[in-house]
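Read through the structure below, which is laid out as structure tokens, and then see the notes.
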Amino acid sequence: MNSQSASAFNRSAIVAPLLALLYPFFLQGFNETIGTFLSKGLYANPVSWIFAVFFLASALAVPLVAFAFAVKFSKIAKPTDDDRRAKGIALLAVATPPIFTFIGVLFYMAGVSMFDKWLVTFFWLALIGSLVWPRKKAVIRCQNPVSPKPIAAHGISALFIIIFFLLLHISNHLFGLTGPAAQMAVMKTLRIFYRSTNIEPILVVFFLFQIASGIYLIQKNIDRPGDSFRTFQIASGVYLVFFLMSHMNAVFIFARTFMGIDSDWNFATGAPTGLLKDPWNIRLVPLYLFAVFFALMHSLSGMRFALLKQGFSKTILNRLVVIGSIFSAGIAILISLGMCGWHV
Ligand code: HEM
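Take any residue in the sequence shown, note its place counting from 1, add 1242, and you have its number in our numbering.
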């Protein structure tokens, strides 16, 4: 595109924020239709099945479609300001589930829970407005190379988190499939380690560093064109930044400080009502599903970049990422089923 030409409004840029705007309403639709089965029986109203599947699929599609648009805008070789904005907003829309949950918890604590949906609606409307607002000139952004040092620090800290916490934490949640008692028994054992007075502060510092260095890397990379792998690395990073802010606020501030309750499995699964029946808790289903998937895949795809630099075969590494994504999706689905009350 000519850097001096008048900026033409790219209609496809509004798809991701529009879907993000509709996300709370898709969840509401799913909660209301699934509520019919749970109260009246699975075969009470077969037509509701179609609606339930439609609403759930639409909610889950929001981060995925947003990612597809982020890839599309990332592939533009010489991005203009408009392309950059469209890409940034699509990346933000990938993080729709944690953004909605984070705002939901903050509004709950402020006692204005009923307005969370409307704040996010306004937020996405404002971003759509920023995309359609006519601008005179489109300017090509300069490239923004990143020095390897922050990437290495981000990777080393991630390795520490994965080995000493994340793998244990995710394996712990898999026990939810055998029932809450087993999950809690394993959590109590793991807590002796990760909630000890020596380990927990170190872990929190590492997570805060991960968020800060992640934001730095996203900001440095956002202007650069890139392939699907690079865009996935940034998009999953954006999701994890918002997820970690939301999750740590929920655990440390909301549960342990504000409510004065144990941040255990009952808390995470919204017991006694559960995740599916409650109109507020329903947002936790996509939140956790994508959190597990993105946490595993962000790490794996980060390793792919590191190994590529070491001269490993691109074909083999790409195959590993595909296998890894099927495996990660399987783990994420199993944990989510366990959290929704499905037990083996
Ligand atoms: C299904 C997904 C997840 C669920 C249900 C979940 C749930 C929980 C619960 C219940 C706690 C409190 C633990 C306790 O009190 O001992 C917790 C803590 C925490 N989670 Fe998660 N989590 C999930 C995924 C993740 C992921 C993907 C990350 C990181 C990327 C993460 C990071 C953390 C951190 C940093 C803490 C605080 C640990 C501490 O107490 O020191 N969680 N989570």
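Backbone N, C-alpha and C fix where the C-beta goes; we use that ideal spot for every residue, glycine too.
- Each residue's CA atom was taken as its position, placing Trp1522 and Gly1553 some 48 Å apart.
- Taking 7 Å as the cut-off, the C-beta of Trp1522 does not count as close to any heavy atom of the ligand HEM.
- Taking a 10 Å sphere around the C-beta of Leu1333, we find 16 or more other C-beta atoms and assign the residue as buried.
- Residue environment for Phe1569: exposed (fewer than 16 other C-beta atoms within 10 angstroms of its C-beta).
- In chain order, Ser1399, Phe1402, Ile1403 place their CB closer than 8 Å to the CB of Phe1448, counting only its own chain and leaving out the 5 sequence neighbours on each side.
- In the DSSP assignment, Asn1463 falls within the unbroken alpha helix (DSSP H) covering 1441-1463.
- For the ligand HEM, no non-hydrogen atom lies closer than 7 Å to the CB of His1585.
- Each of Thr1473, Gly1456, Val1289 was checked against the Cα of Ser1316, and the nearest Cα belongs to Thr1473.
- With a 10 Å radius around the Cβ and a threshold of 16 neighbouring Cβ atoms, Asp1325 comes out buried.
- Distance between Glu1442 and Lys1320, taken at the CA atoms: about 45 Å.
- Of the residues Ile1393, Leu1526, Tyr1436, Thr1431, the one whose Cα lies closest to the Cα of Ile1405 is Tyr1436.
- Val1304 places its beta carbon less than 8 Å from that of Leu1261.
- Distance between Gly1371 and Ala1574, taken at the CA atoms: about 35 Å.
- Its chain contains Ile1403, Phe1406, Phe1407, Tyr1436 as the residues whose beta carbon lies nearer than 8 Å to that of Leu1445, once the 5 sequence neighbours on both sides are disregarded; these appear in chain order.
- If you check the CB distance, Leu1432 and Ile1256 do not come in under 8 Å.
- In terms of Cα proximity to Leu1518, the closest of Ala1310, Asn1273, Arg1253 is Asn1273.
- When only Cα atoms are considered, Val1493 and His1411 end up about 14 Å apart.
- With a 10 Å radius around the Cβ and a threshold of 16 neighbouring Cβ atoms, Arg1525 comes out buried.
- DSSP places Asp1469 outside both helix and strand once states are collapsed to three, so it counts as coil.
- Val1336 counts as buried, since at least 16 other C-beta atoms from the protein chains shown sit within 10 angstroms of its C-beta.
- Within the chosen limit of 7 Å, the ligand HEM does not reach the beta carbon of Leu1518 with any heavy atom.
- Leu1538 is positioned such that its CB atom lies no closer than 8 Å to that of Leu1419.
- As the crow flies, the alpha-carbon of Phe1344 is around 12 Å from that of Ala1352.
- 8 Å or more divides the Cβ of Ser1488 from the Cβ of Pro1266.
- Here Val1289 is exposed. Its C-beta has fewer than 16 other C-beta atoms within 10 Å.
- Leu1409 sits exposed, since fewer than 16 C-beta atoms from the chains shown fall within 10 Å of its C-beta.
- In the three-state scheme derived from DSSP, where H, G and I count as helix and E and B as strand, Phe1554 is classed as coil.
- Taking the Cα positions, Phe1485 is about 10 Å away from Ser1478.
- The beta carbon of Gly1346 sits closer than 8 Å to the beta carbons of Ser1355, Asp1358, Trp1522, Arg1525 from its chain, once the five residues preceding and following it are set aside; these are given in chain order.
- Counting along the chain, Lys1430 sits inside the alpha helix (DSSP H) bounded by residues 1422-1436.
- Straight across, the Cα-Cα distance linking Lys1329 with Asn1252 is about 11 Å.
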